[in-house]
Amino acid sequence: MIAYISCCTVKVPQVLTTMDKKKEVDDMEPGPALSRSLDRVGFIKTEQSNSPEGTLKSRPAHECGREERRIRKWRKMIGAGGSDWKHYVRRNPHVVKRRIRKGIPDCLRGLVWQLISGSRDLLLMNPGVYETLVIYETSTSELEIIRDISRTFPSHIFFQQRHGTGQRSLYNVLKAYSVYDRDVGYVQGMGFIAGLLLLYMSEEDAFWLIVALLKGAVHAPMEGLYQSMKVVFQVGLALLRFCHDDLVKLPFEELLHSLRNFPDEATDPDTLLPLALSFKVSSHLEELEKDYRKRLEGPNASSSNKRLQPLRSTMNGAGSQPLSNLSVGKK
């Protein structure tokens with residue numbers, strides 16, 4: 000179960016004033032009904048949902064034992080407060096990569112995200128900066144941020160109450176970043192990133208992690224090292240492979256609904272990721288993608304269909320192979 004951060008150590012008189020102005024216009028909404036069932040990450044389950052999969056319940060003993068073993072491995076790997084992390088990554092990069100792909104234990108996820116991104120170093124190098132941004136600086140996006148806060152995870156217990164602790168923390172982080180990076184400011188959609196981070200860490204930690212993600216202050220933007228669409232392609236293949244037997248039995252009219260509603264077991268990370276990563280994706284796919292983009296950006300739009308015909312033929316030829324015959328192998 001995610002450990003929610005319910006309070007902030009920074010007193011923010013200016014933020015409270017701004018939020019209170021909005022509160023005079025909007026009536027205070029009642030807090031979330033505690034009697035309603037929650038899924039495993041804190042979202043309130045709707046009455047229409049009849050699947051018990053995500054509801055909070057006792058986990059089988061063998062799953063608890065497996066999770067405890069994973070936690071012990073991760074604690075040994077990162078050390079107390081992350082003290083051994085950099086040394087371990089340098090010595091065993093492949094082990095770190097494999098364990099991350101298997102899944103970071105929920106109780107350590109916030110710390111590991113900070114270590115991977117380098118945001119912990121940014122925090123230590125900039126003491127007091129976040130507090131200054133929240134308390135003393137003003138942002139031209141404040142009203143826009145307040146307007147969008149209620150749209151961010153509205154069915155999550157931490158953010159559901161208007162002007163509650165969750166919404167105030169979310170406002171603080173978004174406002175601070177809009178001041179810190181005035182070139183970008185606030186962009187709609189940032190709230191979902193900040194909201195997710197706040198479920199695992201404090202306001203200040205979440206702020207510096209967003210800085211590390213968006214500003215590129217730690218990692219240079221070396222696009223050539225990105226895996227790009229290959230990962231999306233692998234996940235898509237894994238979903239289709241897992242549901243292959245059921246999909247081929249469906250009439251065409253029902254395919255779209257089924258592709259939008261994969262069963263819970265198909266999207267389980269422990270099942271999906273190992274299968275997705277077992278697919279070999281050749282460099283030919285990347286060449287096709289580059290060729291496709293070049294053709295789309297060509298000067299003669301009228302002849303685009305003619306120029307794309309070889310690509311379509313190639314893709315159709317690849318697509319004619321039954322999914323069950325696709326080669327699968329470990330990298």
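The numbering of the sequence shown is numbering that gives the first Met the number 0, which starts it at 0 and goes up by one. Note that beta-carbon positions come from the ideal geometry of N, C-alpha and C, so glycine has one too.
Query raised in the report: According to DSSP, which residues form a beta bridge with F42?
Result: H155
Query raised in the report: In three-state terms, what does DSSP make of V88?
Result: helix
Query - Paired residues, beta bridge with L37 - DSSP - result: I43
Query - R39 versus F191 - alpha carbon distance - result: 18 Å
Query raised in the report: By how many angstroms is the C-alpha of L195 removed from the C-alpha of V186?
Result: 16 Å
Report task. Could you round the C-beta distance between A175 and L132 to whole angstroms and report it? I think they count as a contact, below 8 Å. Result -> 4 Å
Requested in this report: With DSSP collapsed to three states, give me the class of S282.
Outcome: helix
Requested in this report: Give the C-beta separation of S116 and L208 to the nearest angstrom, bearing in mind that I take them to be a contact with Cβ-Cβ under 8 Å.
Outcome: 6 Å
**Report entry** Beta-carbon proximity check, S118 vs V178, cutoff 9 Å
**Finding:** no
Query - Cβ contact check for the segment 266 to 278 and the segment 232 to 240: 3 or more pairs under 8 Å - result: yes
Query raised in the report: For Y87 versus I103, is the C-beta distance shorter than 9 Å?
Result: no
Query raised in the report: Which residues bound the alpha helix (DSSP H) around F261?
Result: No alpha helix (DSSP H) contains F261, which DSSP labels as neither H nor E.
**Report entry** Distance, L142 Cα to T151 Cα
**Finding:** 15 Å
Query raised in the report: So what's N171 in DSSP terms, helix, strand or just coil?
Result: helix
Requested in this report: Quick one: grab the DSSP three-state call for H93.
Outcome: helix
**Report entry** Residue range of the unbroken alpha helix (DSSP H) whose run includes D147
**Finding:** E141 to I148
Query raised in the report: Taking Cβ positions only, does G80 come closer than 9 Å to chain C?
Result: Absent from the structure: chain C. Only one protein chain is present.
**Report entry** Closest Cα partner of V95 within the set G127, K72 and S82
**Finding:** K72
Query - Same chain, Cβ closer than 7 Å to S154, five either side skipped, listed in chain order - result: F42 and I43
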